[in-house]
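Chains as they are written, first to last, in numbering that gives the first Met the number 0: chain X, 0 to 342; chain R, 0 to 342. Beta carbons: idealized from backbone N, C-alpha and C, even for Gly. Please read the structure below before turning to the comments.
There are 2 protein chains.
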Amino acid sequence: MGKLERHATIADVAALAGVSVGTASKALNGRGSLREETRMRVREAARQLSFEANAGARSLHSGRTYTVGMITTDTIGRFSIPVLMGAEDALGAGEMSVFLCDGRDDPIREQYYVKTLLSRRVDGMIVTGRRTEARAPIGANLPVPVVYAFISSADPGDCSVVPDEAGGARKAVEHLLAVGRTRIAHITGPEHHNSARVRAAAATERLAEDGLSLVAPPLFGGWSEVWGRQAVGILLAGRTEFDAVFCGSDQIARGVCDALRAAGRRVPQDVALIGFDNWDVMTEACQPPLTSIDLDLEGLGRSAAQMLLAAINGSPSPGRHAHPCRLVVRESTVRESTTVPLP
Amino acid sequence: MGKLERHATIADVAALAGVSVGTASKALNGRGSLREETRMRVREAARQLSFEANAGARSLHSGRTYTVGMITTDTIGRFSIPVLMGAEDALGAGEMSVFLCDGRDDPIREQYYVKTLLSRRVDGMIVTGRRTEARAPIGANLPVPVVYAFISSADPGDCSVVPDEAGGARKAVEHLLAVGRTRIAHITGPEHHNSARVRAAAATERLAEDGLSLVAPPLFGGWSEVWGRQAVGILLAGRTEFDAVFCGSDQIARGVCDALRAAGRRVPQDVALIGFDNWDVMTEACQPPLTSIDLDLEGLGRSAAQMLLAAINGSPSPGRHAHPCRLVVRESTVRESTTVPLP
DNA sequence: GTGAAAGCGCTAACAA
DNA sequence: TTGTTAGCGCTTTCAC
Chain X
0 MGKLERHATI
10 ADVAALAGVS
20 VGTASKALNG
30 RGSLREETRM
40 RVREAARQLS
50 FEANAGARSL
60 HSGRTYTVGM
70 ITTDTIGRFS
80 IPVLMGAEDA
90 LGAGEMSVFL
100 CDGRDDPIRE
110 QYYVKTLLSR
120 RVDGMIVTGR
130 RTEARAPIGA
140 NLPVPVVYAF
150 ISSADPGDCS
160 VVPDEAGGAR
170 KAVEHLLAVG
180 RTRIAHITGP
190 EHHNSARVRA
200 AAATERLAED
210 GLSLVAPPLF
220 GGWSEVWGRQ
230 AVGILLAGRT
240 EFDAVFCGSD
250 QIARGVCDAL
260 RAAGRRVPQD
270 VALIGFDNWD
280 VMTEACQPPL
290 TSIDLDLEGL
300 GRSAAQMLLA
310 AINGSPSPGR
320 HAHPCRLVVR
330 ESTVRESTTV
340 PLP
Chain R
0 MGKLERHATI
10 ADVAALAGVS
20 VGTASKALNG
30 RGSLREETRM
40 RVREAARQLS
50 FEANAGARSL
60 HSGRTYTVGM
70 ITTDTIGRFS
80 IPVLMGAEDA
90 LGAGEMSVFL
100 CDGRDDPIRE
110 QYYVKTLLSR
120 RVDGMIVTGR
130 RTEARAPIGA
140 NLPVPVVYAF
150 ISSADPGDCS
160 VVPDEAGGAR
170 KAVEHLLAVG
180 RTRIAHITGP
190 EHHNSARVRA
200 AAATERLAED
210 GLSLVAPPLF
220 GGWSEVWGRQ
230 AVGILLAGRT
240 EFDAVFCGSD
250 QIARGVCDAL
260 RAAGRRVPQD
270 VALIGFDNWD
280 VMTEACQPPL
290 TSIDLDLEGL
300 GRSAAQMLLA
310 AINGSPSPGR
320 HAHPCRLVVR
330 ESTVRESTTV
340 PLP
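What follows is the structure in structure tokens.
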């Protein structure tokens, strides 16, 4: 057979089948009315030539390309991936192909990508990023719909799908209350980070609804294990007693866990511990395994993609949509894991 | 202005500028010889209409789409990402757009993507995956060049760019020897995993070159921290003395580190410790920070993309290409970090 | 220096 | 049932 030199065209197929291109087109797309024998003959010719219709030429008529662009505003990372995957999954099911564009925190590069995507006549775009903060819209009066996923647009009229971080923080607190803890500390990331502020505020608020408050003001620091360990030092140096720690991330929680153990406090007997993000690497390696809040990023991405598909089909969903978080219980908050191992 | 209803065509631009479409085309692409005034007038009209030439229509002539497909054979994960990013980076610089296709370990899905990409007339494809093992070629006699990155093709004639894991393992051993250790243990992932076997064999071989051997047969297990901790238990239960541990991954090394500390052995004074992958999450959280081997996946992806670009331009690089690994020294092998902090 | 016309690969009217 | 034709948006001869 040898390596094919060029793609077969529908003219090649028509010639081989001994019909006109119009007939070949109908046969391959199931349009018009043709003799079954003719249809088969054309199909067979197409198969023989490994014919795949040129999508570009095709979209010249339909006006649609069945492609979408995904732009990450900052470098692709641990949070963008599941979002991208969820979106890719939902779009693939919708027969859409996805252009991946890594913005790398560079607005110039980002605008370049927007132009490129428009020249490729994508049917829509998804914009995502590493942080949940609002960002400037990627463009004004774009000729195609845009959905922001994880990150949100500063324009409230734009469609944004964001994790319900406040709801997640409330679930964390409610879980700690449900297992009988009332003296709760909160250790989290840097105060300038939107997620840290939102989660801390929501936790405080939820406690207030039960007439409680954090045993100490939230400890803002970094998102790292190192900070988790340091923060425990600070907490223990103070006189405040605590029977639970709600952490702004799993990495922090892991650091907290290690430091508590080193200080002779047992988890969960003396201190119940809950993280945020439900990152398997951390929740599994933690001793004991870590209870956490799952952002369901893949579901979020899928949901964003579905909204984009709807918008492309003329039914936009303007505004900010909060995607719910899930509580995942493990042994850092309850003695025995509630999950029953499979037999 | 209001939301644009449709994309402007070159006919719109020509009409607004009061010239023919042919002239407009020349003006916008810098072809032919036109009066400077005309050129400017057309450019201005294009700007006013936010005109972006339809790439699909354009490629109808050029025969090239300036797009490539990236297919991950299995789910996109920690190893595929940097490869994808490096490739996207190199391709973007080459004015190429990238179609992202997540194979999800499903051969059916994978073949579906290959067909889709061919119908979109991509100029080439990059195939990647989570493991370094060889895999069946993605297709035979494809009309466009294919480069395998990280993963490799079972067909030795295909172009594959893979990390030089054996070289990395040798560098790890050489570093341990250089810091004066000779009684080296090796703890790594499952024996059925290609990377585990290759790294263990290379380490053994390198030691043999100096008339040495591992203090015990390689301990194969899982890639997790949990296994690292368990393995230390096994090692200590045996009578064999050791002054260094070479681990098959950073997660294992981290587990080893924690367990050694718990057992009263100091790192690096009593035991020097080196990991593999140079995963920042682990190397930084480890106490002390972990020396490791970096696969330079982003560089590998970039290199693969460049080979693809070359192949598209008629200069293929058939065969298997080993991409070198880098040693990154931190405090788990030397008392004071050799990296000088910036002032 | 500019316009008219053909053609890239395909689909969809309309004829035959 | 099938073939012919026009046209999607663009580039590129070739006349003028």
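- Cα atoms of Glu224/X and Arg205/R: separation of roughly 35 Å, rounded to the nearest angstrom.
- Listed by position along chain X, the residues whose Cβ is nearer than 8 Å to that of Ala199/R form an empty set, because the closest Cβ is around 23 Å away.
- Asn312/R counts as exposed, since fewer than 16 other beta carbons sit within 10 angstroms of its beta carbon.
- Here Lys114/R is exposed. Its C-beta has fewer than 16 other C-beta atoms within 10 Å.
- Rounded to whole angstroms, the gap between the alpha carbons of Arg40/R and Ala16/R is 6 Å.
- For Thr71/X, the pairing in a beta bridge is given by DSSP as Asp101/X and Thr127/X.
- Counting along the chain, the unbroken beta strand (DSSP E) around Arg325/X starts and ends at Arg325 to Val327.
- Excluding residues up to 5 positions away in sequence, Thr66 lie with their Cβ nearer than 6 Å to the Cβ of Ser96/R in the same chain.
- Per DSSP, the continuous beta strand (DSSP E) segment holding Val244/X begins and ends at Ala243 to Cys246.
- By the neighbour-count definition (other C-beta atoms within 10 Å, threshold 16), Ala10/X is an exposed residue.
- The residues Val97, in chain order, have a CB closer than 6 Å to that of Glu87/X in the same chain once the five nearest residues on each side in sequence are set aside.
- Within chain X, Arg120 and Pro142 have C-beta atoms less than 7 Å from the C-beta of His6/R, given in sequence order.
- Straight-line spacing of the CA atoms in Glu330/X and Ala168/X works out to 19 Å.
- For Thr203/X and Met281/X, the gap between their C-alpha atoms comes out near 25 Å.
- Per DSSP, the beta bridge partners of Phe219/X are Thr187/X.
- Rounded to the nearest angstrom, the Cβ distance from Asp104/X to Thr74/X is 6 Å, consistent with a contact under 8 Å.
- Spanning the alpha carbons of Leu59/R and Arg77/R requires a straight line of approximately 38 Å.
- For Val214/R, the three-state secondary structure derived from DSSP is coil.
- By the criterion of a C-beta distance shorter than 7 Å, Asp209/R is surrounded in its chain by Leu176, once the five residues flanking it on both sides are discounted.
- Residues of the segment 32 to 63 of chain X that bring their beta carbon within less than 7 Å of a beta carbon in chain R comprise Glu51, Ala52, Asn53, Ala54, Gly55, Ala56, Ser58 and Leu59, in sequence order.
- Per DSSP, the beta bridge partners of Ile292/R are Leu326/R.
- Our two residues, Ile186/X and Glu283/R, have alpha carbons roughly 19 Å apart in a direct line.
- Neighbours of Leu296/X in chain R, taken as residues whose beta carbon is under 7 Å from its own, are absent, since the nearest beta carbon is some 13 Å off.
- Beta-bridge partners of Tyr147/X (DSSP): Val126/X and Ser159/X.
- Listed as beta-bridge partners of Leu272/R by DSSP are Val244/R.
- Looking at the DSSP output, Gly318/X bridges to Cys158/X.
- Chain R has no Cβ within less than 8 Å of the Cβ of Ser152/X.
- Here Asp269/X is exposed, its C-beta having fewer than 16 other C-beta atoms within 10 Å.
- The DSSP-derived three-state label of Ser152/X is strand.
- Per DSSP, reduced to three states, the secondary structure at Ser96/R is strand.
- Beta-bridge partners assigned by DSSP to Arg5/X: none are found.
- Within chain R, the residues whose beta carbon sits less than 7 Å from that of Thr115/X are Ser96, listed in sequence order.
- Look at Ala195/X here: in three-state DSSP terms it is helix.
- Going by beta carbons, Thr131/X and Gly102/X fall outside the 8 Å limit.
- Close partners of Met84/R in chain X (Cβ separation under 7 Å): Ile75 and Asp101.
- Counting along the chain, Trp226/R sits inside the alpha helix (DSSP H) bounded by residues Glu224 to Ala236.
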